[in-house]
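Counting in the working numbering, the sequence shown runs from 6 upward without gaps.
Heads up: the structure comes next, in structure tokens.
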Amino acid sequence: MSDYGYRPAPPPEDGRPQGRGTGQPGGRAYGSAPGGSGAGSNDPDYGWGGPSPQRPGGQGQSPQAPGPRRQPYGTPASGSASVGRGQVPPGRGSAPVGRPTGSASVGSASVGGPGRASVGGPGRASVGSASVGSASVGSASVGTARPVDVDGDGPGERTGRASVTGTRRAGKGPLNKDDLEESAKKKKRKRLGRKMLAAMIALGVLFIAGITVVGTYFFQNTPPLEGVLRAGESSAFYYADGTTQAGAFGDTLRLQADPDEIPEEVKEALVALEDRKFYEHSGVNFARTASALVNNLTGGETQGASTITQQYAGMYMDARDQISYDRKAREAALAFKMEQEYSKDEIITAYLNMAYFGRGAYGIEAAAKNYFDVPLQDLDYGQAAFIVMQVKSPNGYYDSYYQDAYNEEAALARWDHAMQSLVETGELTQAERDEYTFPETVQEFNASGSWGGNTDLGFIINELDGYVYDELQERYGITKEMLKGSEDEPNSGGYKIDLTIDPVIQNSLRITGSRGGLAVEKNENGEPIDADGNVVQDPSQAEKILTEEGYAQFENSNEDAALFEYEEYMMTAMVAIDPKTGEILGYYGGDNGFGVDKAGAESPHPPSSTFKMVTAATAMANGDSPDSWFNASSPRQFESLTNDDGSCIGSGTYPNCTLRNGSQESKVEMTLTDAVRDSKNTPMYAISEHYGADKILDIADQMGLSVMNQARTIQDDTGEPHDVSVNYRMHGDGTYTQHGTAVDADNEPVVDGSGNWDVYADIQVDEDCNPIVNTDGRFLQAEESTLCEIGGKGTTDPFYHHLAFGQYPTSVRDMASIYATIANDGVYNESHFVKKVTNNAGEEVQPKEDSLVLNDQVIDAAVAQNLQWIGSEIGGESATDQLDRDYFGKTGTWEAGGRDKNGEKYPDSYNAHAWYVGAIPQLSIAAWVGNVTSESDPIADPNDDKTNVYGSNTAYPVWYTAMTRILEDKDWEKEEWAGKDESQGNKTSWDIELAGGPLSGGAFCAANGDDPLCASQQEDEAQQECEEGGGTWEGDRCETEEEETDRGQDVTSPTTEPGDDESTGEDEECGGMLQPPCDGDEPTTPEEGATTSQGDDNRNNGN
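Below you can see the structure in the form of structure tokens.
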């Protein structure tokens, strides 16, 4: 049974999912992409990653949720995006676009050793076994980024020249013994001379370099350790704790770790492999530099001589794209200065934060995520060694993910060398080292600077249309371009945004709400397939497994989900808000932020009876009290439900345009408190008709309502009617703007960032704030939205009186905000996602003065406290599963207005929406339950009964489960509500009078027998009883035939004395039920809108 009762207008989109496409009746996600024709679809409008966004002009199903941004997985930022194996361009050492280019040296070709190289033609450096004989050496073309110079020692290196051993025939004929001996002597002398020359050159170079170092030392600024080369650095999103990262935004995946976040295993592995004297030298290792120079000049393997400090200086200078000894000198000078100004720990931290480790990861934290998908602090020695060895060749040579570039033998040798280096430096014993095996890396990773969009927090942070970006721009003046970073703006990028999301609360909502992915068809290998049996990478493209009724369904893989025992097609959405701050502490609209957000504005739901708390607040704000009386009869007739021609407003089907409380038929009176607790519609409608729907909307606007949807019929300029869906935005100041799917001046669809119709496009309105449509029934795009005044066109502008009991769809977020205002004693705190912003210099960014979070007393504290008291007696409408602390809340349900798979209309007893919105003093949570397939398909109770759906047996268990989990992890004290405020408002009865007076034998007069309305009613009842008994009513008494006969006789009885059964009139009683009114106490007729006579204590004293 539903508490809906009367459907004056079609339910949301008449079977269409709100906020997506244009609709056709049928209870499925009908619609079309911009410019396309609609076709029936069973695709759910659920919050998970959908297919590639549909573009204007396409035909087919309703517009889908946007897919993930391109390049989310598997390749560096410049590569193609796909989940699975990746490839790199031909040539060892290719890397993401944007890295400096450089030349590649080919590894030594000594026969039999690891890392041997056979050098092929130009442009390709292949590693393998070298054939004995002459070696043809070609230049190896490197794709964008060049590896950082490191120590050339150890196996697996790819630096050095190709040398081949063996004898070579020279001249004509064979050589005799003397010839061979003489030849050997000449070679020896030649080698010795070459070494001496090299040594002198080296000394000269070192001398010149020393002069350069000295000169540079005095003129070169010391490289900073923070904010270095952050152009293009991704900005990071963190949970409210400031330490748990939730996602990032940018073109480059660069993550910065604090010194205490980098484990010693990583630092020790880096030092052992790259610079064993790091903690001993002062920035430059001269002995190593001289050795490298001699070796390089005499034709040996090209050796790197840079220390870790020099490498960092080189990264800072962006000068490591070619071998330049002048630049090396400058690096050395910078290294000297750095060593004097910074500690070793600061330098190694800066290095690990800046280095490129491959897989698109800049910084050790990003590398830990992309190679092993573990927190940085959890890396072990084997994993740490694997990551730091990638610095030498970050483009796939040591990474099995890149099959075309990978050299398994070299990778194993290089890792073994790194691990043995840890033994040699004393960090590991040989026994400890032997326990490690070559680590296995993950094969799915994010090479983009933007990630987190495909999680449950993606609705907030996904790079396409996450809510946080508008908030950052409006409140902080930070645009997406500033967050992303730009090479032209060195101070951009690298922002740290602490969200308001509490990790404990978010985890509770996630566990409570998630039912796993949608069930899709798979092949024998478990891979998702489409309708033709083709394997698809994106699960949203796979063929859905439908129920017998034609509904999409979940895998239902989460046993901890509150709906685990319910039908697999049911889902939930939840939002949790801190009443005292407006911070959104938890947000669950689905599992994937690239899908449809069932908690947000793009997918609103009729709030049904949960909205009655707002209507009650309006009544009390206008002088009523919890004890005011109302006629709650069902059906009940209202004048405003009938048009001038006698037709019913909203095409109602009940006799005489009446309104009902669900399927109830009863005549009953009750207080405002009981009307809310028993969830009656007719008293709520009476409040709206009496005070105005605009007054209800205005209060809701102030309490936190920001969006609301309405299906309307609007005529074009030819008079042709069109059914449209209008989205309204409220602005907290008594104004609203209108939005919807629109076409631009060229009649092209206005689309959002995902390529779908923008359901919140600004639309043109006429001078009376009525939306304008073209002959195709499309809104016309406006340059900017027009502010319209709530109630500007009357008391039903822009919503009719059915607003009072929750007909018009709104968001889960808004309902959580409204109840947060009630929980906070009437003080509204604007809901928001951003807690703190820090720029790349580590400075906190303050909000703009004109965009601070609103904080206003919007309803009297006494009104809010009475609403708390009213709601505290409702609970979950269940004798079980009650919290052990004070809380209040309200349930709600709304009918299923669509059609089943056979096109048959659902029975009126079916519900498509169930709600419970409730709060404790510390937290407000709104929970909604619906069908994943569409907004108009029904849901069921735990026993699969679609006729027995209530908020108490569907949505309340979700709310209770989430709240209980949160309280188990939070050390929140129990706080009590203030209780009923008896001084608030008056005990009014205007509705009883407007309804035609009290009901005979009703509750009102039973509780208020001395009320003049009841006295008048009792007199009428006495007259009716008198006449039915054959008597005659004479003024204030009933005369029978016997009394009339006696009056007709000649009366001769003596006159009695005063006090003997006859009154003189001096002390005559008055004001009783059958007594004349007392002088000066005549009942007055209340003026329109008034409730009682001012002199009546029983009706106006507030009791």
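By construction, the Cβ of each residue, glycine as well, lies at the ideal position given by its N, Cα and C atoms.
Q. Taking Cβ positions, are threonine 505 and alanine 337 nearer each other than 7 Å?
A. No.
(Q) For valine 755, report the span of its beta strand (DSSP E) as first-last. (A) Boundaries for valine 755: no beta strand (DSSP E) harbours it, and the DSSP string shows neither H nor E there.
Q. Does the distance from the C-beta atom of glutamate 346 to that of glycine 288 stay below 7 Å?
A. No.
(Q) Quick check on DSSP: helix, strand or coil for valine 850? (A) The answer is strand: DSSP assigns valine 850 an E or B state.
Q: Would you mind working out which of Asp996, Cys1010, Ser957, Ala945 sits nearest glutamate 570, comparing C-alpha positions?
A: With distances taken between Cα atoms, glutamate 570 lies closest to Ala945.
Q: Check whether the segment 765 to 776 touches the segment 859 to 869, taking contact to mean three or more Cβ pairs, one atom from each stretch, closer than 8 Å.
A: When C-beta atoms of the segment 765 to 776 are compared with those of the segment 859 to 869, fewer than three pairs fall below 8 Å, so the two segments do not count as touching.
Q | Residue closest to serine 453, alpha-carbon to alpha-carbon, out of Ala418, Arg259, Gly531 | A | Looking at the Cα atoms, Arg259 is the closest of the given residues.
Q. Three-state secondary structure (DSSP) at tyrosine 500?
A. If DSSP states are grouped into helix, strand and coil, tyrosine 500 belongs with coil.
Q. Can you check whether the CB of glycine 990 is closer than 7 Å to the CB of serine 630?
A. Yes, the pair counts as a contact, with Cβ atoms nearer than the cut-off.
Q) So what does DSSP say about lysine 374, is it helix, strand or coil? A) If DSSP states are grouped into helix, strand and coil, lysine 374 belongs with the helices.
Q. Are the segment 459 to 478 and the segment 583 to 594 in contact at 8 Å, needing three or more beta carbon pairs?
A. Yes, the segment 459 to 478 is in contact with the segment 583 to 594.
Q: Give the C-beta separation of threonine 676 and tryptophan 634 to the nearest angstrom, bearing in mind that I take them to be a contact with Cβ-Cβ under 8 Å.
A: Sure, about 6 Å apart at Cβ, within 8 Å.
Q: Just mark glutamate 940 as buried or exposed, buried being the case when its beta carbon has 16 or more other beta carbons within 10 Å.
A: By the neighbour-count criterion, in which a residue is buried when 16 or more other Cβ atoms sit within 10 angstroms of its Cβ, glutamate 940 is buried.
Q) In terms of DSSP beta bridges, what is asparagine 597 paired with? A) BP columns for asparagine 597 are empty, so no partner.
Q: For glutamine 720, count neighbouring C-beta atoms within 10 Å of its own C-beta (all shown protein chains included) and say buried if the count is 16 or more, exposed if not.
A: Glutamine 720 should be labelled exposed.
(Q) Please state the DSSP three-state secondary structure of tyrosine 317. (A) It is helical.
Q. How long is the line joining the alpha carbons of aspartate 1055 and serine 1005, rounded to whole angstroms?
A. The predicted position of aspartate 1055 is uncertain, since its pLDDT is 44 and thus under 50; a value taken from the coordinates is nonetheless stated next. Going by the C-alpha atoms only, they are around 42 Å apart.
Q | Length of the line joining the Cα atoms of phenylalanine 223 and lysine 342 | A | Confidence is the limiting factor: at phenylalanine 223 the pLDDT is only 43, short of 50, which leaves the residue's position unreliable and the question unanswerable from this model.
Q. Measuring CB to CB, does alanine 581 end up less than 7 Å from leucine 972?
A. Not in contact: alanine 581 and leucine 972 (Cβ atoms no closer than 7 Å).
Q.
So the candidates are Asp905, Val963, Met968, Ser914; which of them puts its Cα closest to the Cα of threonine 2?
A. The question about residue 2 has no answer here: the residues shown for the chain are numbered 6 through 1108.
Q) Relative to the C-alpha of arginine 682, which residue among Gly876, Asp1016, Tyr284 is closest? A) For arginine 682, the closest alpha carbon among the candidates Gly876, Asp1016, Tyr284 is that of Gly876.
Q) Considering only C-alpha positions, which residue in the set Ala566, Gln546, Gly498 is nearest to leucine 514? A) Closest option to leucine 514, Cα to Cα, is Ala566.
Q. Is the beta carbon of glycine 956 sitting closer than 7 Å to the one on glycine 894?
A. For glycine 956 and glycine 894, no; Cβs fall outside 7 Å.
Q | Residue nearest to glutamine 743 in terms of C-alpha spacing, selected from Glu1032, Asp802, Lys374, Gly482 | A | The shortest C-alpha separation from glutamine 743 is found at Asp802.
Q) Helix, strand or coil: which one does DSSP assign to isoleucine 875? A) Isoleucine 875: helix per DSSP, three-state reduction.
Q. When the Cα atoms are used, what is the spatial distance from cysteine 1043 to threonine 1037?
A. So the alpha carbons of these two residues sit roughly 5 Å apart.
Q.
Would valine 842 and isoleucine 352 be called neighbours here (beta carbons separated by less than 7 Å)?
A. Remark: C-beta atoms of valine 842 and isoleucine 352 do not approach each other more closely than 7 Å.
Q. Asparagine 834 to threonine 826, Cα distance in whole Å?
A. Asparagine 834 and threonine 826: Cα-Cα distance of roughly 7 Å.
Q. To which residues of the same chain is valine 619 closer than 7 Å at the C-beta, ignoring the five residues directly before and after it?
A. Only Ile701, Ile704, Ala705, Met708, Ile823 meet the Cβ criterion.
Q: Ignore the nearest five residues each way along the sequence and tell me which others in arginine 438's own chain have a CB closer than 6 Å to its CB.
A: Within the same chain, Met424, Val428 come within 6 Å of arginine 438 by CB-CB distance, once the 5 residues on both sides are set aside.
Q: Could you tell me whether the segment 810 to 818 touches the segment 606 to 622, using the rule of 3 or more Cβ pairs below 8 Å?
A: Per the Cβ contact rule, the segment 810 to 818 is in contact with the segment 606 to 622 (3 or more Cβ pairs under 8 Å).
Q. Do alanine 2 and tyrosine 317 have their C-beta atoms closer together than 7 Å?
A. Any question about residue 2 goes unanswered here, given that the chain covers just 6 to 1108.
Q | Closest residue to phenylalanine 3 among Asn732, Gly760, Leu999, Thr446 (Cα-Cα distance) | A | For residue 3 there is no data in the structure shown, the boundaries of the chain being 6 and 1108.
Q) Applying the criterion that 16 or more other CB atoms from any shown protein chain within 10 Å of the CB defines a buried residue, is glutamate 849 buried or exposed? A) Exposed, since its Cβ has fewer than 16 Cβ neighbours within 10 Å.
Q) What residue does the alpha helix (DSSP H) around histidine 422 start on, and which one ends it? A) Taken as a continuous stretch (DSSP letters only), the alpha helix (DSSP H) holding histidine 422 covers 413 to 429.
Q) Can tyrosine 696 and asparagine 627 be called in contact, C-beta distance under 7 Å? A) Yes. Within cutoff.
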